[in-house]
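K.L.:
Before anything else, here's the structure in question.
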Amino acid sequence: MDFKKFVRDIPHFPKQGVSFKDITPLLKDPGALKGASDALVAFVGDQKIDKVVGMESRGFFYGPVLAVALKAGFVPVRKVGKLPSKKISHTYDLEYGTDTLEIHADAIEKGDRVLIHDDVLATGGTAKATCKLIEALGGVVVQCNFLLEITALNGASKLVGYEVKSLMRF
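My numbering applies: residue 5 is where the sequence shown begins, and numbers increase by one.
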């Protein structure tokens with residue numbers, strides 16, 4: 005299936021000069037939604053996965069679907085102040101400043117095999133920070149998988165040492 009035809013560009017969103025990749029056409033089409041889900045699960049192959057970690061917020065679209073298909077738990081990684089229980093955090097650099105992600109301290113157990121999922125791999129900072137959170141809790145990152153990758157931003161270079169899979173590349 006040509007999934008790219010279900011992704012539209014929104015010029016100058018969220019700010020001037022940015023061309024946003026909008027996946028909502030893919031999400032609203034039942035065939036594309038299921039096809040993309042099946043393809044993302046197929047990336048994992050026969051690797052055992054204990055937890056699927058999805059990053060706020062669009063990693064929450066497919067993360068739980070992947071968890072169910074892989075017979076794994078789902079763990080959200082969120083921005084500061086969104087998780088209610090004891091948590092750990094990781095601060096990382098952005099182009100103009102920093103950001104911080106959090107995960108519940110009891111979300112990953114030592115030795116858990118973890119699939120990281122997000123909708124877009126852009127600069128790689130969010131994915132790398134998520135890997136650090138998982139490893140700080142004793143988890144093993146098995147794979148980072150993405151619905152789409154913006155190759156010009158070279159985010160995969162921040163994930164050297166991790167298996168990275170993307171359904172679409174732009």
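Idealized CB from N, CA, C, for every residue including glycine.
For proline 68, which residues of its own chain have a beta-carbon under 8 Å away from its beta-carbon, when the five flanking residues on both sides are left out?
P.N.:
So the qualifying residues of the chain are Val56, Gly58, Phe78.
K.L.:
Per DSSP, glutamate 167 forms a beta bridge with which residues?
P.N.:
In the DSSP output, where bridge partners are listed per residue, glutamate 167 has none listed.
K.L.:
Give me the Cβ distance between methionine 172 and phenylalanine 7, rounded to the nearest whole Å; I'm assuming they're in contact under 8 Å.
P.N.:
Their Cβ separation, rounded to whole angstroms, is 5 Å, which keeps methionine 172 and phenylalanine 7 in contact under 8 Å.
K.L.:
Tyrosine 100 by DSSP, collapsed to three states: which one?
P.N.:
Note: tyrosine 100 maps to coil in three-state DSSP.
K.L.:
Give the secondary structure of glutamate 106 by DSSP, where H, G and I count as helix, E and B as strand, and everything else as coil.
P.N.:
The answer is strand: DSSP assigns glutamate 106 an E or B state.
K.L.:
Residue range of the beta strand (DSSP E) that aspartate 6 falls in?
P.N.:
Careful: aspartate 6 lies outside any beta strand (DSSP E) and carries neither H nor E.
K.L.:
Please name the residue in His16, His108, Lys132 whose C-alpha comes closest to that of valine 168.
P.N.:
Closest by alpha carbon: Lys132.
K.L.:
Compare the C-alpha of valine 11 against each of Ser89, Leu30, Val22 and name the closest.
P.N.:
Residue Leu30 is the option with its Cα nearest to valine 11.
K.L.:
Could you give the first and the last residue of the continuous alpha helix (DSSP H) run that contains isoleucine 138?
P.N.:
Segment 129 to 140, the alpha helix (DSSP H) holding isoleucine 138.
K.L.:
Under three-state DSSP, which class holds leucine 119?
P.N.:
If DSSP states are grouped into helix, strand and coil, leucine 119 belongs with the strands.
K.L.:
Take the Cβ of glutamate 113 as the centre, count every other Cβ of all protein chains shown within 10 Å, and call the residue buried at 16 or more, exposed below.
P.N.:
The residue in question, glutamate 113, is exposed, as its Cβ has fewer than 16 Cβ neighbours within 10 Å.
K.L.:
Quick check: the region 82 to 102 against the region 149 to 160, are there 3 or more CB pairs under 8 Å?
P.N.:
The answer is no - the region 149 to 160 does not touch the region 82 to 102, with fewer than three Cβ pairs under 8 Å.
K.L.:
Quick one: complete beta strand (DSSP E) runs, 3+ long, within the region 44 to 85?
P.N.:
Runs of the beta strand (DSSP E) inside the region 44 to 85: 55 to 59, 77 to 83.
K.L.:
Just to confirm the assignment, what range does the alpha helix (DSSP H) spanning lysine 32 have?
P.N.:
From DSSP, the alpha helix (DSSP H) with lysine 32 extends over 28 to 32.
K.L.:
Tell me where the beta strand (DSSP E) around proline 15 begins and ends.
P.N.:
Residues 12 to 15.
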